[in-house]
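Have a look at the structure below before the remarks.
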Amino acid sequence: MNLVEKEISKDIKSVILCSICTALIPVLFLSIYPIVGKEVSGLLNITLINTPDSFNINRTINYISITNYLGYIFNYVYIIGAVYGGILGATSDIKNYKLKRKECKDFIKIKIIANLEKYIAYSLIIGMVTFIAISIITPINSKLELILLEEVYLIFGLIIIGLLFMSIGFIVCSLIKKNLNAVLVVLCMLAYTYVLGVASRLTYKLEILKIFSPFENMNAMDIVNYGFNKFIVIGMIFVSISCMLITVIIFSIKLKEVN
């Protein structure tokens, strides 16, 4: 495990920096929560009546409710988390085919575990910063423990969606030589899945496209209001693990070709 720690220590500064930059988004929005009163909420609700569904804005949302407000914020955090997870996977540098076959399994395992721990640390730092912000701005008459429980669920969703794109990034990294090109491919895939999710909301005829969009299936607002769909969670975890196994297979095949 010393090799895993060494791998993590190389990027610890960037992990902390990225997590703090991402955490500033919920902190910024939560800081203005106390001034989002009934008058502002009513104005927003009137405005949103004529807003297209493709903007991913729930017309039934109660902007006075801090849990719904938090869920709406985390929809954007999920996008950034997916980008970060995808970049971690695409730049994981798992193309060292000069290794001996006996070292292959350990090399892949170290790379995957190290990146998993980096992303989990990234998510937990966001969770801690958001926790502090919630504790400060939550009204006295609100049930703080319930709000914090919802935040835990949202952070779990962030981990799931980030690991999914990270595992996809692993595959892309193993197939494409240059890290920059691998990152571009992953970001394009992320953008396409998001656009498919937007398209699925335009009309019921396109609703089937939702299955190709993790952002629609792991929607923060739905998590706050309805909880997790266990089949979606299991499915996303299964896809993530499958992608990691495919990465190992691709690496093993290319290793044999080189050696």
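In my numbering, the protein residues as written are 30 to 288.
Here a beta-carbon is modelled for each residue, glycine too, at the ideal position from N, C-alpha and C.
With distances taken Cα to Cα, identify the nearest neighbour of residue i among the options.
i      : options                           : result
GLU146 : GLY114, ILE197 and ASN246         : GLY114
LEU57  : MET273, VAL44 and PHE103          : PHE103
THR159 : ALA52, ASP251, SER43 and LEU284   : ALA52
VAL106 : ILE141, THR120, ILE142 and ILE49  : ILE49
ASN208 : LYS35, CYS47 and THR120           : THR120
TYR182 : VAL212, LEU99, ILE137 and ILE266  : LEU99
ILE240 : ASN254, ILE41, THR222 and TYR255  : THR222
TYR255 : LYS35, LYS206 and ASN97           : ASN97
ALA220 : GLU236, TYR233, LYS234 and SER242 : SER242
LYS283 : ILE188, ASN31 and LYS206          : LYS206
Ignore the nearest five residues each way along the sequence and tell me which others in residue i's own chain have a CB closer than 8 Å to its CB.
i      : result
THR167 : ILE95, LEU173 and ILE176
SER43  : none
Taking the Cβ atom as the reference point for each residue, do residue i and residue j lie within a distance shorter than 8 Å?
i      : j      : result
ILE109 : VAL33  : no
ALA111 : ILE190 : yes
GLY156 : GLU179 : no
SER152 : ILE184 : yes
SER203 : ILE270 : no
MET218 : TYR101 : no
ILE45  : ILE154 : yes
ILE61  : PHE280 : no
Rounded to the nearest angstrom, how far is the Cβ of residue i from that of residue j, given a contact under 8 Å?
i      : j      : result
VAL215 : ILE116 : 7 Å
GLY186 : ILE252 : 5 Å
GLY118 : PHE194 : 7 Å
ILE162 : LEU59  : For the sequence presented, residue 162 should be read as Ala rather than Ile. At roughly 5 Å, the Cβ-Cβ gap stays under 8 Å, so ALA162 and LEU59 are in contact.
Near residue i, what residues of its chain come up, given a Cβ to Cβ distance below 7 Å and the 5 sequence neighbours on each side ignored?
i      : result
SER83  : For SER83, the pLDDT reaches just 49, beneath the cut-off of 50, and the residue's location in the model is therefore unreliable, although a value from the coordinates is still provided. Excluding positions up to five away in sequence, the list reads VAL227, ARG230 and LEU231.
VAL268 : LEU193
PRO63  : ILE166
CYS272 : SER196, ILE197, PHE199 and ILE200
VAL212 : ILE116, ALA119 and THR120
CYS47  : TYR113 and TYR151
LEU235 : ALA228 and SER229
Which same chain residues end up closer than 6 Å to residue i when comparing Cβ atoms and leaving out the 5 residues on each side of it in sequence?
i      : result
LEU238 : LEU225, ALA228 and SER229
Say whether the segment 138-156 touches the segment 228-246, bearing in mind that this needs 3 or more beta-carbon pairs closer than 8 Å, one atom from each stretch. Output reads no: the segment 228-246 does not touch the segment 138-156.
Check: Is there contact here, the segment 259-279 with the segment 199-211, by at least three beta-carbon pairs under 8 Å?
Finding: yes
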